[in-house]
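Right, one structure below, let's go through it.
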Amino acid sequence: MITCEDFQNIPSLASGIGYREPWAKVLLETGNGIDFLEITADHFIDSPKWKIDQLKELRQRFTLIPHGLDLSLGSAEGVDEKYLEKLISIIEMVDPPYWSEHLAFTKAGGLELGHLAPLPFSNEAVDVVAKNVQKVRELISLPLILENITYGINMPGHEMSEAKFIRESLNASDCGWLLDVTNLHVNSVNHSFDVSEFLEEAPTERVVQLHYVGFSSNKRGYLIDDHGSPVNDEIWQLMDKVLAICPAKGTILERDSKFPLFSEIIDEAERARSIGKKYMRWD
Numbered sequence: 186m187i188t189c190e191d192f193q194n195i196p197s198l199a200s201g202i203g204y205r206e207p208w209a210k211v212l213l214e215t216g217n218g219i220d221f222l223e224i225t226a227d228h229f230i231d232s233p234k235w236k237i238d239q240l241k242e243l244r245q246r247f248t249l250i251p252h253g254l255d256l257s258l259g260s261a262e263g264v265d266e267k268y269l270e271k272l273i274s275i276i277e278m279v280d281p282p283y284w285s286e287h288l289a290f291t292k293a294g295g296l297e298l299g300h301l302a303p304l305p306f307s308n309e310a311v312d313v314v315a316k317n318v319q320k321v322r323e324l325i326s327l328p329l330i331l332e333n334i335t336y337g338i339n340m341p342g343h344e345m346s347e348a349k350f351i352r353e354s355l356n357a358s359d360c361g362w363l364l365d366v367t368n369l370h371v372n373s374v375n376h377s378f379d380v381s382e383f384l385e386e387a388p389t390e391r392v393v394q395l396h397y398v399g400f401s402s403n404k405r406g407y408l409i410d411d412h413g414s415p416v417n418d419e420i421w422q423l424m425d426k427v428l429a430i431c432p433a434k435g436t437i438l439e440r441d442s443k444f445p446l447f448s449e450i451i452d453e454a455e456r457a458r459s460i461g462k463k464y465m466r467w468d
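Mind the numbering: the sequence shown is residues 186 to 468 in the numbering used here, read in order.
Below you can see the structure in the form of structure tokens.
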């Protein structure tokens with residue numbers, strides 16, 4: 186069994202970024218201003234030798250945290266064992282203190298959805314997640330943390346709030362929480378709920394890591410987590426609120442498009458680091 190104490194024993198990592206190929210050269214040459222990296226495990230599955238060699242070189246310079254995309258822990262039919270084997274090989278290669286996935290599903294009825302889909306906030310979905318995590322844990326003993334996702338529609342079959350669903354799912358599966366601050370803000374605006382009330386009900390004691398990035402909006406005012414914008418003031422304010430109450434070990438800036446100068450990335454990482462220091466989350 187993985188307990189909250191196991192997550193508390195994870196070393197503090199401070200301020201990192203999600204690794205992206207355009208930043209390979211600067212990270213491998215200096216890496217100054219970045220404390221650790223999160224790698225998208227799927228980007229290295231079935232990769233050519235040069236890319237695996239690059240991963241090994243990154244591992245020599247940084248602590249790497251594998252982040253999975255397609256394990257589909259919310260799928261009622263269970264996890265894809267062939268995919269799981271490939272995921273295990275990446276996790277073993279980088280030897281992380283923990284790893285992460287999403288509280289979501291990407292497969293249903295034998296079909297690939299092509300995106301992260303939200304689960305109904307139900308007791309049945311909690312049981313499915315717990316069962317699938319237990320299956321995975323038989324092969325990967327490292328602590329696992331699960332991320333809250335954005336969702337465009339409310340799935341039918343809700344029996345509880347999202348915050349309670351996260352609490353029940355993490356408790357039942359003995360997982361930590363990868364709290365995506367941007368996703369939380371985006372959902373709170375798009376679905377009209379109060380962030381403070383959400384955090385009071387959510388399992389903030391299980392937070393291990395944060396994600397953050399900027400967001401954009403469409404003409405109707407609907408917020409979009411596009412991973413391609415500078416960090417908004419609203420996100421910095423929420424980061425401060427979250428780090429004041431959550432025992433996070435580190436923060437990861439996720440930027441996937443419209444890449445700015447790397448100096449701008451360093452500035453955002455430093456701001457996140459400073460907020461964590463203010464609340465003594467790391468030295």
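Quick reminder that beta carbons are idealized off the backbone N, C-alpha and C, glycines included.
Thr436: not part of any alpha helix (DSSP H); member of the beta strand (DSSP E) spanning Gly435 to Leu438, first to last residue. According to DSSP, Thr225 shares a beta bridge with His252. In the three-state scheme derived from DSSP, where H, G and I count as helix and E and B as strand, Leu327 is classed as coil. By the CB criterion at 7 angstroms, Ala289 and Ile334 fall inside the cutoff. Between Gly399 and Asn372 a beta carbon distance of about 16 angstroms is seen, past the 8 angstroms cut, so the two are scored as non-contacting. Cβ-Cβ distances below 8 angstroms link Lys271 to Ile230 and Asp231 in the same chain, with the five nearest sequence neighbours on each side left out; the list follows chain order. The shortest CA-to-CA distance from Pro282 to any of Val311, Ile330 and Lys316 is the one to Ile330.
For Arg205, same chain residues with a beta-carbon under 8 angstroms away, outside a window of 5 residues either side, are Arg440, Asp441 and Phe444 in chain order. If you draw a straight line from the Cα of Pro233 to the Cα of Glu242, it comes to about 15 angstroms. Sequence-distant partners of Leu304 (beyond 5 residues in either direction) whose C-beta falls short of 6 angstroms from its own C-beta, in its chain, are Gly259 and Ala310. For Ser285, the enclosing beta strand (DSSP E) covers residues Trp284 to His287. For Leu324 against Leu269, the beta-carbon gap comes to about 7 angstroms, under 8 angstroms, which counts as contact. Distance from the Cα of Met278 is smallest, within the candidate group Leu256, Asp265, Asp255 and Pro251, for Pro251. Taking 7 angstroms as the cut-off, the Cβ atoms of Thr436 and Ser200 count as close.
Listed in chain order, the alpha helix (DSSP H) runs fully inside the region 358-401 are 366-375 and 380-386, counting runs of at least 4 residues.
Between the alpha carbons of Ser448 and Asp312 lies a gap of roughly 45 angstroms.
Relative to Glu385, the option among Val321, Arg322, Ile460 and Ile430 whose CA is nearest is Ile430. When C-alpha distances from Val380 are compared across Ile237, Asp191, Val393 and Leu364, the shortest belongs to Leu364. For Leu423 against Ile202, the beta-carbon gap comes to about 19 angstroms, at or over 8 angstroms, which does not count as contact. Sequence-distant partners of Phe350 (beyond 5 residues in either direction) whose C-beta falls short of 6 angstroms from its own C-beta, in its chain, are Phe306. For Asp468, the closest of Ala209, Asp220 and Leu212 by C-alpha to C-alpha distance is Asp220. Judged by DSSP in its simplified three-state form, Ser448 adopts helix. Taking the Cα positions, Ala433 is about 12 angstroms away from Asn194. Leaving aside the five residues that flank Ile276 on each side, the residues in its chain whose CB is nearer than 8 angstroms to its CB run, in chain order, Ala226, Pro251, Trp284, Ile325 and Leu327.
Each of Asp255, His228, Pro196 and Ser257 was checked against the Cα of Thr248, and the nearest Cα belongs to Pro196. In terms of Cβ geometry, Arg246 and Gly216 form a close pair [threshold 7 angstroms]. DSSP, reduced to helix, strand and coil, places Ser200 within a strand of the structure shown. Note on Glu297: under 16 other CB atoms within 10 angstroms of its CB, so exposed under the neighbour-count rule.
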